[in-house]
Every structure is written in structure tokens, then in C-alpha cells.
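Below: the structure, in C-alpha cells.
Chains as they are written, first to last, in my numbering: chain A, 1 to 459; chain B, 460 to 856.
Written out as C-alpha cells, the structure is:
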């Protein structure tokens, strides 16, 4: 509206066109301003910055030299990593890690049978991806796979021998029997009325036979396939018994953490429900267990499992040396898991409970269908954090004589084949990188889940 | 459905089987029976097994001669004349010593790193982040191995000790410090120190009352410094400096004199405090972030300078968030001190659950006592924390 007046204005100093845009002054934007604001905003900050930069300049090139530039990457024995044999300053001895890599993964597991461990690793990875990947299909079957099929097949594959064969035979028979039962029920649904309610039965009868009793059928099918493959493997190649004394390395580390999570999660749910129960004795027993376990260090629990567990059972059932710490770790983790899950239960608004009850659901139906799905969802980050703690704590089994990954590293350090001045720092660095990558990856995942869960609350 | 007359549905006719009260009783009785059976069978098996292995039971071993020695001991202990009971106290005191020092160190490092992570200084914040992420994601046991086996053990032997300023020597047997020798008159200094603390507390109370009545503020910090540090110093010089140092002497083969701090202790202390500090840093950061920016802006608007803002507005509110998780970190540190057994520091677990258990074979008693100790520490701390928490908790309607 002022344009017209401007055009007519006789005053020549009124600018008629806009100035070209100028970059912001250097003191406000750009790298110099950033440096000023973030590094040298005050004398104290300047001193701190210089100190930190000095620290980085002193340490980082040293570390890079030691672990990368001066490192020895290949060689057959300690001679490759000795400075006076090589004739130059020698840093980390990665040749030793490369040489011992198989041992770090499998421990003393017989070389001919390591494919069994690989299969279990692959199955474990599949289960983890299935459960943790948000968009993976058929989550319910995934849960069944991870918490039932994986432990059983892991046991059969890793241990082998008569016991595993017996268990495998039993499992196949069981799934066959169930499959036959479901097959019969699918075609003759009237038989199912003993435990299905009439309304559901009527719906089922409408569907063609192969679509009836959907959920359970797929679980049975999955177990039939998995155990069938195992049986074929057993039949063709034979699963010889591998004593747990030979197990070691990352395999045992993953085994302990997997057992910890597989058992502690359901146990933790039960304990958390027990702690929130209105029945005084159940509540009291849950509280005693949880507070007792959380009040003592894991080492004492492991010592207890190692020395007292054999006393508590008849001599002939004395638990295996690897089984004892497994029990200890599972019980220990379940107490922590229970507290995490309790936090989730407490975060569920009362209206959810009341709504469920007013629909006529019983306690277990309410928990299974309404409360736990919500509670477990919101505590996924907490569960993952507990699991990170559990994963780091698996190193403590070293103390009761189990060859986990850290112990295998320690064991190779006293081996004269690779005794060099830098072997120890190399071994520890390797172990640190391994644990760091695992734990850091998990914590990234938990942060991502947290963000996803918070997305609903964002405005 | 609607054709059913309502009067037929009356309470009390439901079968006992569906009565939640009765069901509750049944569940609890069944659970009790199961737990009772488990405990009973475990106990009877244990008695059976112990008899078969000819292991004595009961706490009679407490007064038996120990027959082993411990390198670090805060109370007299020797292989020849001491009992298992004394070994227990040696271990417990060592655990408490490393835990107490660890808590102090971890708190200092943790608060510094936590504040540094929030610093506006990019380099400082990033370095603090690297510290926290690096330390938190590596098992404590590996860090202890690192400090003990890779840092302290490769130090030169006693003959080639590294001499630091102040007659401090570093070698693979630990750190050798000048050991203070207290003359009897030193008691006066100690008394002066206690009097100083009491005086400072009394002054605080008085100054607080004055401020409440008149609004006048007193230099609390300076008065406390003068009373707690100045007064003992004054007494120290007044009674003629009753303190001398026994300096370690570099001999031909060994160092003589001085006070030896064992490498196991140093490694454990370093490992525990740096590890726990990373967690404390996160706690502190969360606590500071929990105080909304509006609080400090409002304080500035009221005319408070940055110092008092921090002291009177931000820190009290942040502490409310920090203290509960901080306590659980302290408890974790105490529990993690049991990892001492891995590097051979004679703490409760190493001495008692390790050596004594191996010598006596009385697993049940030894493990039970050890667990009871940790449980007591945990429960007492939680209790104290709950009381403190109640005092500082937000008072709501």
C-alpha cells in the first residue's frame, strides 16, 4: 500500500529495491562463531578446552600407533610380535587374536562338532531379530520360538548324546501327538466342545478345516519342522555328547545371557505379579525373594549356586558344573527383571484394570490380554537395560571356574606360545571391543524403542 | 438372555469353587506347601550330604585357628594365632574401607563428569560422553583385570621403583608412601578437629536462625573452613608439630620403611570408582536436566546471581531427583567390591567365602554369613535413604 507513495516520492535517498542478502556476520554464525561460543566462551572454558585438546593430542595418536599403525596383523607365533625379532617397535599383537579367534568363540568345543554351535548361533540370531525387529511378522510364534523351541533345540544341539536324543524323541512324539490331535479336531470340530466355548466353536465350524484352530496349529507345525530337522541331523551325522566342561568362549557368554533372559523374563513377570498381589503370603514371599536377591552381590549368589546347590539335592542329581551358575544367574536376573516389570505394571492406569474387570475377565485373562501387553511394552527399554547389566555380569562366572569369553582371553594370556609384552593389552582391547559393541548396540536399540514409544505422547 | 428373571441371580449361590476369597486361601496354602516342601527337602538333603562328606555343621569353626595370612589388614591378624572369626572381621573391614573410599572418589568423579556432559563447551561435553559410554559398556571385571594386570603389575620391581615427588615410590608391589608417625600430643589436634566440626555445626544452626529472623546472611563457608581446618592447624603448631614422617628408603634390593598400599587395593579402588562414576554421571545429568529451565530463569529474574541460583534453586531440586538413584549406585559399588576376589584383594568374599570356605568346607554357614552382611548393608542403607527421601520429598497437598 505504501508502494504508490514511494514511487511518487521526490526524495531520491529512499531505496526502491531490496538489498541482496548478506551472510550473517562472522561473530554470529559460521565456524569461528561456533568455536567462540562452544570452546572459548570464558577464560575457564578456554583453559578446559586447551586441556582437553592436549589430552586428546597426547593419547589418541599413541593409541592409534599402538593398536593400528604399529600393530602386527599376521603371524604364527610370538616371534611375529617381539620387537627385537621383527626389528621395529611393535604395537598390539592382533596376530594372536587371529590365531586364537576360534578358541575365543567356541572354547574347547570339539572342532568337528562346531557346526552345531553355529546352527545354535544362527537360530539365536533369528530369534533375536524376530522379537526385536519392530516390523517382523508373526510375533506370537516368535515368542514361542524364542522361549520354547530355541532353548530346547539349543540344549539338544549343544549337548548331544543319549540325553539329548531321548529328549528329542520325546519332543517329536509330543508334537506329532498334538498335530494329530489338532488335525482330528479340525475336521471333527464337535469333539472340541469339551474345552472350547460354543460360540467360538460355531465360528470355527464356518471356516474350512485347514483354517481352524489357527494359532496353536502353526506353533505345532513350527516345532515339528525344527525338531524334524534336528532329528535328521542326529540321524545322518550323529550328535555326540560334548561335555559342558569343553564349552567355552563367546558361546558360553551368549548361552548364559540367553538362559538369563529366557528364564528371568517369565519368572520376573510372575514375581512382579506376586509382589502386586493382594494375597498376603504370595506378596510376602515375592518381596522376600526380590529384596534378598537384590541385596546381595551376584558373586555370592554364584558361590551359593556352586557350593550349596549340590548339597540341596540328592547326590545322584548333583547339577552339572555349568548348570549351577546358570541357575544362579537366572534367579539373580529374575529379581531385577521383576522390579522393572513392576514399574511397568504400576504405570498402567487403574481404569485399565477396572475396565478389564467390568468386561468380566478373570485375573489371568485380565493380565494376559489387557495389562501385561501394555506393561511389557512400556518397559522394553528397562528390560533391555537389565539385559545389558546381565550381559556384563556374565563375566563373573569366570570366578566360579566357567570358561566364558573373558576367561578364554585370560587363559590364552598365560599360554607361552603368545607370551609377548603386548599380548595382554591386545587381548583386553579385543575383549573390551567385543563387550562394548554388544552393550552399546543394545543400548542404542533401547533408546530407539524409547523414542518410538514416546512418539505417541509427543504433541 | 433378557428373559432370565433377575431374582434368580442372587449372590451367595455361586459355588465355593468360584469364591475369590476361598481361591485366594487355597492358592496361598498350596504355595506355602510347595515352598515348605522345597525348603524341607533341601534341608534334609543338605544334612544327608554333609554327613556323607563328613563335614561338620554349625558355627563352631568361628573360633578355630585360621592358619593363613592376609596381606592387607586393618586389625592385627596372623597365620599363627588368629581365628576364622578374626579373618571375617579383617575381610569385612577391608570391604568397608574400599567401599567407603570408592564412594567418595566415585562421587567426585561422577559429579564432575555429569556436569561436564552438560557443559556448553563442546570438547568437554564430548570427552565426558566418551568416558561415560566407554566405561559403562565394558564389564567391571575386565576393567579390574586391566588396572591390575595391564597397568599395575607391569610396573618395575622394587629395585627399580619409580620415584615420584614427595618420597612416593611406585613399583609392582604397590605404592609406597611416607607413613605418618603420630606423637602422643597429636591427640590434641584430633580433639581440636572434632571441636571445629562441632563449632561449625553450631554456627550453622545459629546463622540459620539469625537469617530466618533478621534476613542477614553470614559467611558460613569461611567460618566452617576456619573452624575445621584453621583450629586444628593452630593447635598443631601450638603443641609443637607432633607429627613426623617415616620416609621410605631406597635400599639396594628393596625399599624399607614407609607405608605400602597394595596394588590389589589400588586396582580395585580405581576400577570401582571410575566404573561407578560413569553411572553417577548419568544420574547427575538426569537430575540437573530434570530441573526445568524456567526455575533458573525465574531466579535470575528475582535478581539472584548465578552462584546463589545454583545453590538455592537448582541444586536442592536436582538433589531430589539425584539422591534415590545415587544411593542405589552406592549400593552397587558396595556389592561390586566383591569382585575383589578376581584380583586377590582380601575383601570379605575373598577371605571368608574364598579361603575360609575352602578350608572348612562349611559352605552353608559361610555363604549365609556373607549374604547376611551384604543384606544388612543394603537394608540399612535403603532404610536411611527412605528416611532422607521423606525429608526432602516434595510436600504435596
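Cβ coordinates follow ideal geometry from the N, Cα and C atoms, glycine included.
Here residue 705 of chain B carries a strand assignment [DSSP, helix/strand/coil].
Within its own chain, no residue has a Cβ closer than 6 Å to the Cβ of residue 188 of chain A once the five positions on either side in sequence are excluded. With respect to the 8 Å criterion, residue 587 of chain B and residue 575 of chain B are classified as neighbours on the basis of their beta carbons.
Closest in C-alpha terms to residue 563 of chain B, from the list B:733, B:665 and B:817, comes B:733.
The three-state secondary structure of residue 641 of chain B, taken from DSSP, is strand. Here residue 49 of chain A carries a helix assignment [DSSP, helix/strand/coil]. Straight through space, the alpha carbons of residue 275 of chain A and residue 367 of chain A are spaced by roughly 14 Å. Counting along the chain, residue 594 of chain B sits inside the alpha helix (DSSP H) bounded by residues 581 to 595.
Cβ contact annotation for residue 836 of chain B (same chain, cutoff 8 Å, sequence separation greater than five): 790 and 793, in chain order.
When the five nearest sequence neighbours on each side are left out, the beta carbons in the same chain lying within less than 6 Å of the beta carbon of residue 356 of chain A are those of 366 and 370, in order along the chain. One thing to note: residue 130 of chain A has its Cβ within 8 Å of the Cβ of residue 146 of chain A. In this structure, DSSP gives residue 82 of chain A a state outside helix and strand, which the three-state scheme calls coil. In the displayed model, residue 429 of chain A falls within a helix according to three-state DSSP. Against chain A, the CB of residue 605 of chain B has a partner CB under 8 Å away; the residue lies at that interface.
Taking 9 Å as the cut-off between beta carbons, the residues of the region 381 to 408 of chain A near chain B are 388, 391, 392, 393, 394, 395, 396, 398, 399 and 406, in sequence order. Counting only runs of 4+ residues, the alpha helix (DSSP H) found wholly inside the region 498 to 584 of chain B occupies 543 to 576, in chain order. Within the same chain, 682 come within 6 Å of residue 662 of chain B by CB-CB distance, once the 5 residues on both sides are set aside.
Close CB contacts of residue 449 of chain A within its chain, under the 6 Å cut and outside five residues either way in sequence, are with 380 and 381 (chain order). For residue 367 of chain A, no beta strand (DSSP E) encloses it, and the DSSP letter there is neither H nor E. Interface flag for residue 260 of chain A against chain B is unset, since no Cβ pair is found closer than 8 Å. If you compare the alpha carbons of B:524, B:556, B:514 and B:516 with that of residue 533 of chain B, the shortest gap goes to B:556. For the set B:551, B:639 and B:713, the Cα lying nearest the Cα of residue 812 of chain B is the one of B:551. In the three-state reduction of the DSSP assignment, residue 633 of chain B falls in the strand class.
For residue 52 of chain A, the chain B residues whose C-beta falls within less than 9 Å of its own C-beta are 580, 582, 583, 585 and 586, listed in chain order. Assignment of alpha helix (DSSP H) within the region 651 to 738 of chain B, counting only whole runs of 4 or more residues, yields 679 to 684 and 690 to 697 in chain order. With a threshold of 8 Å between beta carbons, residue 644 of chain B makes no contact with chain A. For residue 95 of chain A, no beta strand (DSSP E) run applies; the uninterrupted alpha helix (DSSP H) run containing it begins and ends at 94 to 106, by DSSP. Annotated three-state conformation of residue 296 of chain A is coil, per DSSP. At least one C-beta of chain B is nearer than 8 Å to the C-beta of residue 281 of chain A. Residue contact with chain B for residue 314 of chain A: present (Cβ-Cβ distance below 8 Å to some residue of chain B).
For residue 621 of chain B, the uninterrupted beta strand (DSSP E) segment begins and ends at 621 to 623. Look at residue 816 of chain B: its C-beta is under 8 Å from a C-beta on chain A.
Only those residues of the region 483 to 499 of chain B whose C-beta falls short of 7 Å from the nearest C-beta of chain A are listed: 483, 486, 487, 490, 491 and 494. Counting only Cβ-Cβ distances below 8 Å, residue 504 of chain B has contacts in chain A at 311, 312, 313 and 314, in chain order.
Under the DSSP definition of a beta bridge, residue 247 of chain A partners with A:107.
Short of 8 Å from the beta carbon of residue 285 of chain A, and not among the five residues preceding or following it, lie these beta carbons of its own chain, in chain order: 274.
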